[in-house]
Each structure stands twice: as C-alpha cells, then as structure tokens.
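Asker:
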Amino acid sequence: MTTISYPTFIRRPNEYVSGIWGWLTTVDHKKIGTMYGVTAFLWFIVGGIEALLIRLQLARPEGTILSPEVYNQVFTMHGTTMIFLVVMPLSAAFFNWIVPLQIGARDVAFPRLNAFSFWAFLFGGILLNLSWLTGDAPNAGWFAYAPNTEPQFNPRNGVTYWILGLQILGIASLAAGFNFLTTIINMRAPGMSFMKMPVFIWMTAVVNVLIVLAFPIITVALIQLQFDRLYGTHFFNPTMGGDPVMWQHMFWLFGHPEVYILILPAMGIVSEVLPTFSRKPIYGYSFIVFSGIAIGFLGWFVWSHHMFTVGLGPAANAAFSVSTMAIAIPTGVKIFNWIGTLWGGSIKINTALLFSVAFIGMFVIGGLSGVTHASPPSDAQQQDTYYVVAHFHYVLFGGSLLGLWSGVYYWWPKFTGRFLNEKIGLWHFGIVFFAFNLTFFPMHWLGLDGMPRRVATYPEGMGWDISNLVSTIGSLMLGVGVLVFLYNVVYSNLRMPKTASNDPWDGRTLEWSIPSPPPHYNFDAIPDVKYRDDFWYTKYPELAHNTHGGGSDLESQEDQDGDHADIHMPDPSYYPLFLGLGLAVMLGGFIPFTGHWVVCVVGLIIFIWSFLGWSYEPVNG
Numbered sequence: 011m012t013t014i015s016y017p018t019f020i021r022r023p024n025e026y027v028s029g030i031w032g033w034l035t036t037v038d039h040k041k042i043g044t045m046y047g048v049t050a051f052l053w054f055i056v057g058g059i060e061a062l063l064i065r066l067q068l069a070r071p072e073g074t075i076l077s078p079e080v081y082n083q084v085f086t087m088h089g090t091t092m093i094f095l096v097v098m099p100l101s102a103a104f105f106n107w108i109v110p111l112q113i114g115a116r117d118v119a120f121p122r123l124n125a126f127s128f129w130a131f132l133f134g135g136i137l138l139n140l141s142w143l144t145g146d147a148p149n150a151g152w153f154a155y156a157p158n159t160e161p162q163f164n165p166r167n168g169v170t171y172w173i174l175g176l177q178i179l180g181i182a183s184l185a186a187g188f189n190f191l192t193t194i195i196n197m198r199a200p201g202m203s204f205m206k207m208p209v210f211i212w213m214t215a216v217v218n219v220l221i222v223l224a225f226p227i228i229t230v231a232l233i234q235l236q237f238d239r240l241y242g243t244h245f246f247n248p249t250m251g252g253d254p255v256m257w258q259h260m261f262w263l264f265g266h267p268e269v270y271i272l273i274l275p276a277m278g279i280v281s282e283v284l285p286t287f288s289r290k291p292i293y294g295y296s297f298i299v300f301s302g303i304a305i306g307f308l309g310w311f312v313w314s315h316h317m318f319t320v321g322l323g324p325a326a327n328a329a330f331s332v333s334t335m336a337i338a339i340p341t342g343v344k345i346f347n348w349i350g351t352l353w354g355g356s357i358k359i360n361t362a363l364l365f366s367v368a369f370i371g372m373f374v375i376g377g378l379s380g381v382t383h384a385s386p387p388s389d390a391q392q393q394d395t396y397y398v399v400a401h402f403h404y405v406l407f408g409g410s411l412l413g414l415w416s417g418v419y420y421w422w423p424k425f426t427g428r429f430l431n432e433k434i435g436l437w438h439f440g441i442v443f444f445a446f447n448l449t450f451f452p453m454h455w456l457g458l459d460g461m462p463r464r465v466a467t468y469p470e471g472m473g474w475d476i477s478n479l480v481s482t483i484g485s486l487m488l489g490v491g492v493l494v495f496l497y498n499v500v501y502s503n504l505r506m507p508k509t510a511s512n513d514p515w516d517g518r519t520l521e522w523s524i525p526s527p528p529p530h531y532n533f534d535a536i537p538d539v540k541y542r543d544d545f546w547y548t549k550y551p552e553l554a555h556n557t558h559g560g561g562s563d564l565e566s567q568e569d570q571d572g573d574h575a576d577i578h579m580p581d582p583s584y585y586p587l588f589l590g591l592g593l594a595v596m597l598g599g600f601i602p603f604t605g606h607w608v609v610c611v612v613g614l615i616i617f618i619w620s621f622l623g624w625s626y627e628p629v630n631g
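By our numbering, the letter at position 508 of the sequence shown is numbered 518, and the numbering carries on one by one without gaps.
#1: Roughly how many angstroms separate the alpha carbons of Ala182 and Met453, rounded to a whole number?
#2: Just to confirm the assignment, what range does the alpha helix (DSSP H) spanning Ala594 have?
#3: Specify whether the stretch 336–349 and the stretch 249–260 touch according to this definition: at least 3 beta carbon pairs, one from each stretch, less than 8 Å apart.
#4: Going by Cα to Cα distance, which pick from Phe318, Tyr396 and Phe297 is closest to Thr351?
#5: Going by DSSP, name the residue or residues bridged to Thr395.
#6: Should Asp576 be labelled buried (16 or more other beta-carbon atoms within 10 Å of its own) or exposed?
#7: Which ranges does the alpha helix (DSSP H) cover as unbroken runs of at least 4 residues, wholly within the stretch 259–330, from first to last along the chain?
#8: Rounded to a whole number of angstroms, what is the C-alpha to C-alpha distance between Leu448 and Ile441?
#9: Classify Leu496 as helix, strand or coil using the three-state DSSP reduction.
#10: Can you name, in chain order, every residue of its own chain whose Cβ lies under 7 Å from the Cβ of Thr426, other than the five neighbours on each side?
#11: Please classify His88: does DSSP put it in a helix, a strand, or coil?
#12: Given a cut-off of 8 Å on the beta-carbon distance, is the pair Ser356 and Arg463 in contact?
#13: Reducing DSSP to helix, strand and coil, say where Lys41 ends up.
#14: Of all the alpha helix (DSSP H) runs that stay within the bounds of the stretch 102–179, which reach a length of 4 or more residues?
#15: Excluding the 5 residues flanking Ser566 on each side, which residues of the same chain have their C-beta closer than 6 Å to its C-beta?
#16: Do the stretch 82–100 and the stretch 193–200 meet, that is, are 3 or more Cβ pairs less than 8 Å apart?
#17: What does the Cβ neighbour count give for Pro423, buried or exposed, with the cut at 16 atoms within 10 Å?
#18: Report the three-state DSSP secondary structure of Ile20 (helix, strand or coil).
#19: Reducing DSSP to helix, strand and coil, say where Thr467 ends up.
#20: Let me confirm a value: Arg65 is counted as buried when at least 16 other C-beta atoms fall within 10 Å, else exposed. Which label applies?
#21: Among the candidates Leu176, Asn164, Asn106 and Asp117, whose CA atom is the shortest distance from the CA of Gly135?
#22: Helix, strand or coil for Met506, going by three-state DSSP, please let me know.
#23: With a threshold of 16 other CB atoms inside 10 Å of the CB of Ser314, please say whether the residue is buried or exposed.
#24: Between the stretch 592–599 and the stretch 609–617, can you find at least three pairs of beta-carbon atoms closer than 8 Å?
#25: Spatial neighbours of Gly560 within its chain, please: CB distance less than 6 Å, with the 5 preceding and 5 following residues excluded, ordered by chain position.
#26: Spatial neighbours of Asp563 within its chain, please: C-beta separation below 6 Å, excluding the five flanking residues on both sides.
#27: So, with DSSP's three-state summary, where would you put Gly408?
#28: I need the straight-line Cα distance from Trp455 to Thr467, nearest angstrom please.
#29: State the Cα-Cα distance for the pair Glu79 and Asn149, rounded to the nearest angstrom.
#30: Just mark Glu470 as buried or exposed, buried being the case when its beta carbon has 16 or more other beta carbons within 10 Å.
#31: Considering only residues of the same chain and omitting the five flanking positions on each side of Ala594, which have a CB-CB separation below 8 Å?
#32: If contacts are defined as beta-carbon pairs under 8 Å, then Trp31 and Pro23 qualify, I think. What distance do you get, rounded to the angstrom?
#33: Please look up how many angstroms separate the CB atoms of Leu308 and Ser331, rounded, as I've assumed it's under 8 Å.
#34: Any idea what DSSP makes of Trp257, helix, strand or coil?
#35: Among the candidates Met207, Trp415, Phe225 and Gln162, whose CA atom is the shortest distance from the CA of Met250?
#36: Which of the three DSSP states is assigned to Thr482 in this structure?
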C-alpha cells in the first residue's frame with residue numbers, strides 16, 4: 011500500500027507539548043479560550059487609550075490635542091477595535107471555556123478549526139493596527155459610509171486596511187460560528203435535550219446563528235467596496251451610476267444583528283449568575299429562552315431605523331418603526347425574568363452579582379433610549395448627535411462589558427482554581443459603575459442640545475463645555491477602574507492560593523461538577539443528564555419534584571477517578587497557526603505599498619502548504 015508523505019518541515023507536535031510551543035499549537039478549547047480572553051483584553055487597552063484621546067480632544071472647545079485627520083483615524087479605530095477586537099472575542103473566550111463544560115463534552119466539535127479561528131482573529135487585528143505604523147489608519151468611521159470610502163474621496167490606504175482586516179476577522183467569526191453550532195447540536199451529554207440546556211448555551215447558539223447568517227452579508231459588501239477602490243468598479247459611486255445607500259442597507263443588514271451578537275452573550279452570563287446567587291432556578295426558563303430567540307429573529311427586521319433620515323419614504327419608515335418597537339417586547343420579557351429570579355431569592359451579594367444587576371439597570375437605560383430612535387420624528391432630531399453615542403455605549407459598555415465582567419468574576423475560580431480578591435473587586439465595580447455613568451449620561455443632553463457626533467472639535471459658546479469636561483473626567487476614572495481590575499488579576503495570581511473547590515458558588519450547571527481548573531479531558535465520565543440544572547438536583551435530590559423538563563428519577567453522577575488512559579484528546583497542530591498567518595499575509599498583499607503580488611504569492615504559498623498539511627494530518631496519533 012502506498013502512503014503519501016507530506017513535507018512538514020517542522021516536527022509534528024504530540025499531546026505532551028508544553029511551554030510556548032504548546033500554546034502555539036494547542037487545540038484545547040480551554041487554552042484557546044484563555045488566548046482569546048488575554049488577546050481581547052490587550053486590544054481593550056488599545057481601544058481604551060483611543061477613547062481617552064477622543065475625550066481629551068473634546069474636553070474643551072477648540073481642542074488641539076489631535077488634528078482632524080488623526081482624530082478621524084482614532085475615532086474609526088476605537089469603534090472598530092471595541093466591536094470586532096474586544097467584545098466579540100471576549101464573548102468567544104467564554105464560548106470556548108464554558109460551552110463544552112456546560113454541555114458535558116470533552117472538547118468542541120472541530121478543535122483545529124477552533125484554533126484557526128483564534129489565529130485568524132489575532133492576525134486580522136494585527137493587520138488592522140499595522141496601519142498606525144504606516145500612517146494610514148482607517149479614517150472613515152467603523153461604518154465606512156460611501157461615497158466617503160471611494161478612492162476619489164479617500165485615496166490613501168486606510169480604508170483598504172479596514173476592508174482586509176475585517177474580512178479576516180469575518181473568516182475567524184464564521185469558523186467559530188460553525189464550530190460552536192455543531193458542538194451544541196451534536197455534542198450535548200446524553201439526556202440533555204434542548205430544553206434542558208443552560209440559558210448561556212441557548213444564547214450562544216442564537217449568537218452563532220446570527221454570525222453564520224450576518225457575516226456573509228458584510229463580506230459581500232466589503233468585496234464590492236474593495237473592487238471600487240482597487241479595480242475601478244462603481245458599486246457605491248453615485249457619479250457613475252452606483253448607489254451609496256446600497257452600502258448603508260448592506261452594512262446595517264449586518265450591523266444590527268451584530269448588536270445582538272454583542273449583547274446576547276452577556277444576557278446568557280447574567281442568566282447564569284443570577285440563579286446561582288439567588289439560590290433559585292431562573293424565573294420563566296422557557297420565556298427567557300424564547301425571548302432570546304425572538305430577539306435574534308426580530309433583529310433582522312430593524313436595520314433601516316439607522317436610515318430614517320436617508321429618504322426611504324413614509325411606508326418604509328413606518329414599517330421599520332413598528333419592528334424596532336416590537337423588539338423591545340422580548341427584551342422586556344428578559345428583564346422581568348431576571349427581576350423575578352432575584353425576587354424572593356436567598357441572595358448572596360458579591361462582585362459577580364453586582365455586575366449582573368448593574369447590567370440590568372444600564373441596559374434598561376440603553377434600551378429605553380433606543381426605543382426613542384424607533385420614532386422617525388424623534389430620530390430625525392437625535393440622528394448624528396451625541397444622544398446616539400450615549401445610547402449605544404449604554405448598550406455595549408453598560409450592557410455587554412458589564413455582563414462580561416460579571417462572567418469573569420463568576421467563572422474565574424473555575425478557570426484558574428483561584429478567586430479574584432473580593433475587596434478589590436468591589437472597588438473595581440464601584441469605580442467602573444460610577445465612572446461609566448459620569449462619562450456617558452451627560453451625552454444624552456449633549457445630543458438633545460444639538461452637539462453632533464463625529465466632530466473633532468466644537469466652538470465656544472455652544473453650552474457644551476461643562477458636559478464634555480464631565481464626560482472626560484469620567485473616562486479617566488474608567489481608565490482607573492480598568493487598572494484596578496488588572497491589579498486584581500495580578501494580585502490574585504500572585505497572592506491568592508488555589509483554594510477554589512469544584513463548586514465554590516454552590517452552582518447549578520455541569521461545569522461545577524468537575525475540578526477547578528478542569529483537567530485536559532474535562533470529564534472522567536460523560537454525565538447522564540436527567541434534569542435541567544442537573545448538577546443542582548444531584549446535590550439536592552429532595553428539590554427534584556419542583557423541577558421541570560426532567561425524568562421521574564434522579565441518578566447521581568459518578569466521580570470516576572483512576573486510570574484515564576482510554577481518554578485520548580486531539581493532538582496539537584501548528585497548521586491552524588500557519589493557515590491564519592498565510593491568510594493575513596495573502597490579503598495584506600492587496601495593500602498597495604506592500605509590494606502587492608509578491609506578498610500575495612508568499613501568503614498564498616503559506617496558506618496552501620498549511621491547508622494541505624492540515625488535510626493530510628491525522629487527528630490523533
């Protein structure tokens with residue numbers, strides 16, 4: 011029998027690889043989750059510095075800290091960084107860590123594809139930020155409205171960096187989306203029906219359906235824009251028969267489902283934290299699950315509320331006004347369910363719970379200001395003012411990031427075996443909560459008073475001075491709050507012993523049934539699930555008669571210690587790393603200054619070698 015020998019050049023790693031090479035070649039979902047989280051937080055610091063520069067520029071009238079061109083670059087990169095390099099990958103970090111543990115699986119469905127999604131994300135982010143080194147950072151806003159992005163109006167390379175970086179990040183997101191959907195559908199523990207899944211798993215599933223359906227839309231739009239810039243087409247050039255409004259339709263048809271891609275993971279986290287620290291099941295499980303599905307569904311019918319002032323006509327404006335108001339209904343259902351979960355519970359107050367409760371309050375404010383955008387007359391006043399900035403920061407920072415911080419404090423003992431210091435955590439929460447409101451609440455009346463967004467400065471005598479100064483002071487305090495969190499992480503890692511038990515919070519779901527941190531294989535024996543919140547009812551069988559969605563008998567899960575030689579996990583691989591690198595180099599060659607075809611060819615060679623090596627590589631052995 012003839013065997014095919016593929017040129018590897020580098021010795022194939024095995025399952026015992028350690029050190030830096032172990033991290034570079036890992037396909038372990040937990041390590042990949044850690045790399046996602048650390049990398050996203052580093053980008054968070056970069057995006058935070060960009061935000062501080064914006065606020066320092068606007069602290070006083072006629073600001074001169076940044077030139078108008080540099081301001082546009084910082085403004086664009088701040089939005090792009092926070093959405094695509096911070097919130098989405100932080101959510102991916104939780105998906106990687108928690109999904110297999112909560113569904114009783116030993117890994118994700120496609121471990122190497124999972125690793126590739128991380129490396130593509132990393133190299134896509136690096137390509138985006140290399141633009142700072144060439145003086146060509148993107149400058150057209152994170153929405154990149156045409157015709158401002160057309161070559162005759164924006165001839166430099168910044169928009170090209172933005173297009174290519176987002177294409178790579180989109181590939182990373184699609185890889186992750188297919189992987190997690192397959193994992194949730196096919197790898198649940200025996201007995202875990204869909205209506206026995208934790209709420210976080212449900213929200214993860216909805217998010218990844220949105221990713222799989224939404225990112226191809228922006229991919230097509232970006233390809234069209236790239237063709238306009240490099241090959242002389244005119245998709246969005248109105249002087250040559252193109253339509254810039256088509257860009258808005260395609261962008262926001264992606265962009266508004268993207269909002270729910272960003273917020274639903276935090277909703278899933280809050281839905282896990284509140285029941286644990288209330289010592290009662292989530293109130294109205296079915297309602298909170300189907301409301302999440304409804305949000306994902308209705309999110310496809312609201313995009314044109316971003317375009318009320320474009321001139322779509324009264325019929326279109328009325329239709330999208332109704333659909334935008336309608337999406338508030340399932341959102342309100344979730345809020346009442348969360349309040350119902352807390353009501354009458356035996357509440358244990360700690361940092362994780364406080365961040366979740368703050369999430370509810372801030373998201374309500376952001377949601378209510380969003381409802382005002384549903385009315386075309388009020389939207390016409392608020393459009394392109396700082397009222398919009400206040401709205402989406404209450405949703406994305408007050409919502410997404412506060413929810414993600416809640417998840418960090420909640421699952422940190424499971425991740426590391428250590429607790430984050432609770433006293434420092436309370437300081438972190440207090441500073442961030444106060445500073446966040448100090449920063450963004452004044453922007454509501456700045457917008458209602460007519461201050462436009464996307465401006466590098468403003469004249470004296472407009473009445474905006476004090477509010478802008480207050481917002482800037484608040485942003486500096488937010489920076490202090492982030493530093494307190496970093497100090498907590500370092501302090502806890504150096505000073506806090508590994509004292510976390512398997513179940514330090516008296517949790518409800520399967521991840522609390524295994525050691526902290528989990529072993530490489532997660533579970534000694536795949537659990538047999540009988541109930542929703544199965545681990546809770548394993549501990550308290552006398553409460554089983556109060557549950558729904560389970561069988562009549564409760565079988566305890568056995569902790570089978572001993573020989574694990576029969577458990578074989580997928581071997582490490584360096585091909586995902588090189589495939590992500592080859593993709594970034596290949597697409598980077600389309601930036602004119604790089605040498606173009608030479609760089610493309612080099613990247614293509616790396617890509618093809620990695621792809622074929624991946625194909626020939628055995629999964630195990």
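We put the CB at the ideal spot given by N, CA and C, even for glycine.
Everything numeric in this text was worked out from a predicted model, so none of it was measured.
Answerer: Answer, in terms of the structure:
#1: 34 Å
#2: Tyr585 to Gly598
#3: no
#4: Phe297
#5: Pro462
#6: exposed
#7: 295–308
#8: 10 Å
#9: helix
#10: Pro527
#11: helix
#12: no
#13: helix
#14: 121–140
#15: Any reading at Ser566 must be qualified, since the residue scores a pLDDT of 39, below 50, and its modelled position is unreliable; no value is offered.
#16: no
#17: buried
#18: coil
#19: coil
#20: buried
#21: Leu176
#22: coil
#23: buried
#24: yes
#25: Confidence is the limiting factor: at Gly560 the pLDDT is only 49, short of 50, which leaves the residue's position unreliable and the question unanswerable from this model.
#26: With a pLDDT of 42 at Asp563, under the threshold of 50, the modelled position of this residue cannot be trusted; read the value that follows with caution. Within the same chain, Asp563 has no close Cβ partners at all.
#27: helix
#28: 18 Å
#29: 7 Å
#30: exposed
#31: Ala130, Phe133, Gly134, Ile136, Leu137, Ile178 and Gly613
#32: 7 Å
#33: Not really, about 13 Å apart at Cβ, beyond 8 Å.
#34: helix
#35: Gln162
#36: helix
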